[in-house]
Ligand code: IYR
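Residue numbers (full-length UniProt numbering): 45 to 297.
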């Protein structure tokens with residue numbers, strides 16, 4: 045058998061695909077090779093406009109905060125559709141779009157999610173997380189009990205597809221799926237901020253299989269992030285913390 049070539053996936057356990065050198069179909073790309081290339085429609089903007097927009101967008105994004113108390117006020121379905129569509133504009137390895145966004149508004153399902161997350165979080169805080177980790181979280185006043193999971197009008201659960209299947213049933217490789225989903229999640233957060241809503245970025249530890257089963261997601265999907273989305277509670281507070289200045293995060297060469 046031919047030697048396995050390196051396929052960038054990020055996670056070792058996903059590296060061994062059957063698409064090896066012995067398979068003649070390995071030479072058929074997932075997207076047709078004769079896909080035409082068309083002129084790129086660009087925005088024509090002056091330096092002044094670009095500068096103004098860069099400032100304005102920075103100022104908007106600088107106001108983004110993780111909020112842990114939500115108002116129960118519902119959000120229109122089209123808003124949720126639009127922010128998920130925006131996240132779906134993210135670049136991805138070989139345009140594989142390796143994401144599924146599960147948007148939960150049903151109260152019973154939110155309660156079921158909350159029960160699973162709280163049960164696991166009890167164990168996380170008491171047993172799984174190190175003493176240092178629990179200590180480092182003190183300023184954020186996080187707790188195993190999570191009322192925001194039932195208060196927020198919507199929960200967006202971001203699943204990463206480790207691979208998928210082509211029309212002909214062959215396995216479709218998803219390259220760089222972790223970073224592709226991470227970029228999409230960043231774009232989702234930016235869209236939420238831009239439209240004037242708030243979110244809480246969470247990565248439910250040890251909840252993957254239980255939430256995947258609850259939401260009937262297939263085995264090729266892994267839960268990466270859970271975002272409660274909505275409006276802040278009128279008494280919501282945030283820790284008074286600062287961001288690193290430009291000089292600390294940027295190196296000019
Ligand atoms: N997932 C836990 C703990 C937690 C961990 C980190 I790192 C945070 O930045 C915030 C919380 C929780 O949601 O409480």
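Positions of the beta carbon are idealized from the N, C-alpha and C atoms, including for glycine.
Residue 229: member of the alpha helix (DSSP H) spanning 221 to 239, first to last residue. Burial check for residue 84: the Cβ neighbour count within 10 Å stays below 16, so the residue is exposed. Residue 205 counts as buried, since no fewer than 16 other beta carbons sit within 10 angstroms of its beta carbon.
Taking residue 151 as reference, the option from 81, 191, 168, 165 with the minimal CA-CA separation is 191. For residue 168, the shortest separation between its Cβ and any heavy atom of the ligand IYR lies below 7 Å.
At least one heavy atom of the ligand IYR is found less than 7 Å from the C-beta of residue 186. For residue 164, the shortest C-beta to heavy atom distance toward the ligand IYR is 7 Å or greater. When beta bridges are read from the DSSP output, residue 148 appears opposite 199. Counting C-beta atoms within 10 angstroms of its own C-beta, residue 291 has fewer than 16 neighbours from the protein chains shown and is therefore classed as exposed.
In this structure, residue 250 keeps its C-beta atom at 8 Å or more from the C-beta atom of residue 141.
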